[in-house]
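In this note's numbering, the protein residues as written are 2 to 179.
We put the CB at the ideal spot given by N, CA and C, even for glycine.
Model, not experiment: these values are computed from the prediction.
For reference, the structure discussed in these notes is given below.
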């Protein structure tokens, strides 16, 4: 009688399972890394589009030093959930208007900083088009925590689905070899 661990079927099953787990984990990490890169690109594109949509109004507010219009621009920018603060400056760095959302509880802030860096700052120049003259700029700060929530949800799904796949694989390989 040959002990279980000495059987060829056992060694084949063990090696097959180990290779499948290593490959599956590696492919999952590649998928998560790709998702992280795509998330960052998506945020950059979305912030640029949102800021561009309100650029003309922000330029008018800056040119005419219209604080109420600048505040409307800020409220419009806050429609995009990840934006945490907005500032409108004139050409002399005078703060025309600003808005800030209070930070919510940040339970995994250290992990967010590790993966997404600190909160991201975006700056868009405001031009007075008839004279093609720089009249100020619009600064937007994105809350990385809010962006990370979506990424972490997708990452959890990938990890759980891969774990289920690996358990099914282990069961199937065990049945095949025995």
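Under the three-state reduction of DSSP output, residue 123 falls in the strand class.
The beta-carbon separation of residue 97 and residue 89, rounded to 5 Å, stays under the 8 Å limit for a contact. Per DSSP, the unbroken beta strand (DSSP E) holding residue 135 starts and ends at 134-143. Burial is judged here by how many other beta carbons sit within 10 angstroms of a residue's own beta carbon; residue 126 has fewer than 16 and is exposed. A straight-line Cα-Cα distance of about 11 Å links residue 111 and residue 145. By the 16-neighbour rule on beta-carbons within 10 angstroms, residue 30 is exposed. Note that the C-beta distance between residue 149 and residue 113 is below 8 Å. A Cβ-Cβ separation of about 12 Å leaves residue 54 out of contact with residue 141 under the 8 Å criterion.
Spatial neighbours of residue 75 in its own chain (CB-CB distance under 8 Å, excluding positions within 5 residues in sequence) are listed in chain order as 87, 89, 98, 99 and 100.
Between the segment 12-22 and the segment 149-160, the count of C-beta pairs closer than 8 Å stays below three; the two stretches do not touch.
With respect to the C-alpha of residue 82, the residue from 136, 133, 124 and 44 having the closest C-alpha is 44. Here residue 171 has 18 as same chain residues with Cβ atoms under 6 Å from its own Cβ, once five neighbours each way along the sequence are excluded. It is roughly 27 Å from the alpha-carbon of residue 37 to the alpha-carbon of residue 77. For residue 22, the uninterrupted alpha helix (DSSP H) segment begins and ends at 9-54.
With a cutoff of 8 Å on beta-carbon distance, residue 136 and residue 92 are scored as near each other.
Counting other Cβ atoms within 10 Å of its Cβ, residue 70 reaches 16 or more and is therefore classed as buried. With a beta-carbon spacing of about 11 Å, residue 123 and residue 50 fall beyond the 8 Å limit used to define contacts.
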